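Working notes, beginning with the structure itself.
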Amino acid sequence: MFGGCIYLSYKLFSFTHTFKFAPAECVGPFVLLTLLAITHCVISRFGYNGATKDNLKHILWFQMGLAGHMICEIAIGIWSIILNRKAAVTSTVMITDSFNSFISDNYHKSSWESLQQELQCCGIDHPNDYKILNPSSGFIPTACCETDPCTRLFQHGCKDLTIQSVKKLLLDITFISFGSALFMMLGIVCFCYLRKAIKQQTKAEISEKRRAPGEASRMTK
Numbered sequence: 016m017f018g019g020c021i022y023l024s025y026k027l028f029s030f031t032h033t034f035k036f037a038p039a040e041c042v043g044p045f046v047l048l049t050l051l052a053i054t055h056c057v058i059s060r061f062g063y064n065g066a067t068k069d070n071l072k073h074i075l076w077f078q079m080g081l082a083g084h085m086i087c088e089i090a091i092g093i094w095s096i097i098l099n100r101k102a103a104v105t106s107t108v109m110i111t112d113s114f115n116s117f118i119s120d121n122y123h124k125s126s127w128e129s130l131q132q133e134l135q136c137c138g139i140d141h142p143n144d145y146k147i148l149n150p151s152s153g154f155i156p157t158a159c160c161e162t163d164p165c166t167r168l169f170q171h172g173c174k175d176l177t178i179q180s181v182k183k184l185l186l187d188i189t190f191i192s193f194g195s196a197l198f199m200m201l202g203i204v205c206f207c208y209l210r211k212a213i214k215q216q217t218k219a220e221i222s223e224k225r226r227a228p229g230e231a232s233r234m235t236k
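The number in this note's numbering is simply the position in the sequence shown, starting from 1, with 15 added.
Pasting the structure below:
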């Protein structure tokens, strides 16, 4: 789980400007997944103590913690699927409004320059968006240039590439959540067998201790 969170953190911080145009709620599953990874380290101590010290109480607590984590991870996976379906509409509105503000009032200039360089895109759907929305100047920023000097422009629009990036992030969260939940379930099953083995071993040791005095008394006779 920690490995998955590190991978998602890398994607978020490597493409910071891309995810500026993602709905804020899309980051929610990532935050919850990170918190679960941290709490999993805490409950793992119970599993370690239970396995090394044959502590049935700690094993039970660990299993309960795993069950709670498994339910939360399944919920995060389902939430990510729901957000994935909404991402296209919400991101399109955010990108369009931001681009219009950039053209008319020069707002979000640094964000758009960074976005176009990160994704190697230009405009919302294509480079002509600059000429359509601002026909008087038709100025296209250098961030859209594929070569230096600027003889070729990036031909792909930023909208589709941004939506693809957001959907890919949510899909990764879904796979990591469901994958972690599967491992949690396997962990619960394994510790069930461990509890059973410890109980059987404890019963055998008690039986041997009870038999030992009787055998000793027979030998003395």
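Yeah, the Cβ is synthetic: ideal placement off N, Cα and C, and Gly gets one too.
Computed from a predicted structure; not experimentally measured.
The Cβ atoms of C137 and C165 do not sit closer than 8 Å to each other.
Three or more beta-carbon pairs separated by less than 8 Å are not found between the segment 69–89 and the segment 108–127, which leaves the two stretches without contact.
Under a 10 Å Cβ-count criterion, P44 is classified as buried, with 16 or more other Cβ atoms of the shown protein chains found around its own Cβ. For L50, the enclosing alpha helix (DSSP H) has its first and last residue at G43 to K68. Scanning its chain for C-beta atoms nearer than 7 Å, with the 5 sequence neighbours on each side dropped, one finds around K174 the residues T107, I110, I139 and D140, in chain order. When DSSP assignments are scanned along the segment 119–150, the uninterrupted stretches of alpha helix (DSSP H) that are 4 or more residues long and fall wholly within it turn out to be 124–134 and 144–148. Between the alpha carbons of K101 and E128 lies a distance of about 26 Å.
Between the beta-carbon of L185 and that of N99 there is about 4 Å, and that keeps the pair under the 8 Å contact cut. The Cβ neighbour count for Y145, taken over all protein chains shown within 10 Å, is at least 16; the residue is labelled buried. Counting every other CB atom within 10 Å of its CB across the protein chains shown gives M79 a total below 16, marking it as exposed. For N149, the CB contacts under 6 Å within the same chain, skipping 5 residues up- and downstream, are I118 in chain order.
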